[in-house]
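J.: Residue 341 is where the sequence shown ends in my numbering, and the numbering goes up by one at each step. The structure is given below, and queries will be raised subsequently.
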Amino acid sequence: MRTVSHLSNDLRRITYMTQFYCGFDLGGTKMLCVVMDEKQKIVARKRKKTKGTEGAQAGVTRIADLVRETFAENALPINDLKSLGVGCPGPVDMDQGIVNVAVNLGWKNVSLAAMLEDALDCPVSVLNDVDAGVYGEYCAGAAIGARSVAGIFPGTGIGGGFVYEGQILRGRRSSCMEIGHTKIASTNRTSGVDMPGTLESEASRLAIAAECAKLAYRGEAPNLLRAVGTDIAQIRSKVLAASIRDGDKAVENVVRQAAQTVGYAVVNLVHMLCPEVIILGGGLVEALEGLYLDEVNRIAKKNILPCYSGMFDVKMAKLGDDAGAMGAALWGQKKSVAPAVAVI
């Protein structure tokens, strides 16, 4: 006997007589799958923990399983999946679909595209996760209509991306814009994976958390101390925002200093590439909203060469957590029609 549930699923299958493009945001701790239709509308999404330390093969299996689950739970025919785009942390070989290195996952030289194509029987594109986020904002977010857009996404580290006339900039065999690893200060502070004084070691959320843990230990951030103690792992973006709202001025000063450092990175970006729009994204920026954006803007406008005044806008990302997965889906769709990238 056909139940109401069965009939509902049948109607959804009839409704979705279309092609689907899947996007995947692969993070160090969580992964997000979205399914978009031909009109670039998200029709399904699902997330789960990454468990990247279980190894590349297990990770690929989890990705493929999550894609299948997302289709099945939303009564979408997976046979109509036309492409999959996957945004991954770290440098990737976009032509070969290889993850060169993903430190947070413990992956190195993983042929992700080929493995997923075998598992899902559809074309797979692999790109850097921040490139994916910036491409999503370029197509459907804060940078719609811009000729060129750069992105800076502070988090555990700091990632960057650049889209020019619809193409993602890359190097000969690797993605580029690893702006977090550019040297910006003469301090001895290090992120542990590169030289001291980089943008990442000075201004990432992890760097901010480390400084704020010291403040809490010294009694200079009492609200933060009451909330999470001095555990760096617990000093997340929303915790920092709450600490500032509750009156921890020392925490606010640390955040402002980090935002100022990112502001100088924006100055460098404009002087080198002069993008029309620079997107600031990620949980840290979202949690701190105006405080962070205003400080970055202030430093950028104050220190830019006068001839570049009024030639760029610094904006917050609009797509939130969906940016990377949406951008990956849209890039996969683009590649399935006309594969092309800008090479620098």
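Cβ atoms here follow ideal geometry from the backbone N, Cα and C, with glycine treated the same way.
1. To which residues does DSSP link W104 through a beta bridge?
2. What did DSSP end up calling C416 once you bin it into helix, strand or coil?
3. Within the continuous alpha helix (DSSP H) that includes M269, where are the two ends?
4. Just verifying my parser: in three-state terms, what is the DSSP assignment at F68?
5. How close, in whole Å, do the beta carbons of F21 and G87 come, if the pair is a contact with beta carbons under 8 Å?
6. Do the CB positions of C136 and A322 come within less than 8 Å of each other?
7. Can you tell me whether DSSP reads P193 as helix, strand or coil?
8. What would DSSP say about N125, mapped onto helix, strand or coil?
9. Where do the N-terminal and C-terminal ends of the alpha helix (DSSP H) with P219 fall, by residue?
10. Given a cut-off of 8 Å on the beta-carbon distance, is the pair T184 and E162 in contact?
11. So for G157, helix, strand or coil by DSSP?
12. As a quick exercise: from A320, L23, A297, G94, pick the residue whose alpha carbon is nearest that of A262.
13. In the DSSP assignment, find the unbroken beta strand (DSSP E) run with R167 in it and report its ends.
14. Looking at C-alpha atoms only, which residue of D128, G49, T227 is the closest neighbour of V146?
15. Straight-line CA distance for K45 to N250?
16. Does D352 come out as helix, strand or coil in the three-state DSSP assignment?
17. Closest Cβ-Cβ distance between A325 and chain C: below 8 Å?
18. Should C271 go down as buried or exposed, given a rule of 16 or more other Cβ atoms within 10 Å for buried?
19. Report the residue from G324, G226, K180, E51 whose alpha carbon sits nearest the alpha carbon of G138.
20. So, helix, strand or coil for S201, using DSSP?
21. Report the partner residues of G82 according to the DSSP bridge assignment.
22. Have a look at A143 and Q37 and give me their C-alpha separation to the nearest angstrom.
23. In the DSSP output, what is F150 paired with across the bridge?
24. In whole angstroms, what is the alpha-carbon distance linking I11 and E70?
25. Mark A238 as exposed unless 16 or more other C-beta atoms lie within 10 angstroms of its C-beta, in which case mark it buried.
26. G194 and K180 - do their beta-carbons sit closer together than 8 Å?
27. With a threshold of 16 other CB atoms inside 10 Å of the CB of M269, please say whether the residue is buried or exposed.
28. Does DSSP put R42 in a helix, in a strand, or in coil?
T.: In short:
1. A99
2. One cannot answer for residue 416 here, as it falls past the ends of the chain, which runs -2 to 341.
3. 246 to 270
4. helix
5. Actually they are not in contact, since the Cβ atoms of F21 and G87 sit about 15 Å apart, beyond 8 Å.
6. no
7. coil
8. strand
9. 219 to 225
10. no
11. strand
12. A297
13. 164 to 167
14. D128
15. 35 Å
16. The displayed coordinates of the chain run from -2 to 341. Any statement about residue 352 would go beyond what the structure contains.
17. The chain labelled as chain C is not found in the depicted structure, where only one protein chain is given.
18. exposed
19. G324
20. coil
21. G20, S122
22. 19 Å
23. G156
24. Reliability of the predicted coordinates at I11 is poor, the pLDDT of 45 falling under 50, and no value is obtained from them.
25. buried
26. yes
27. exposed
28. strand
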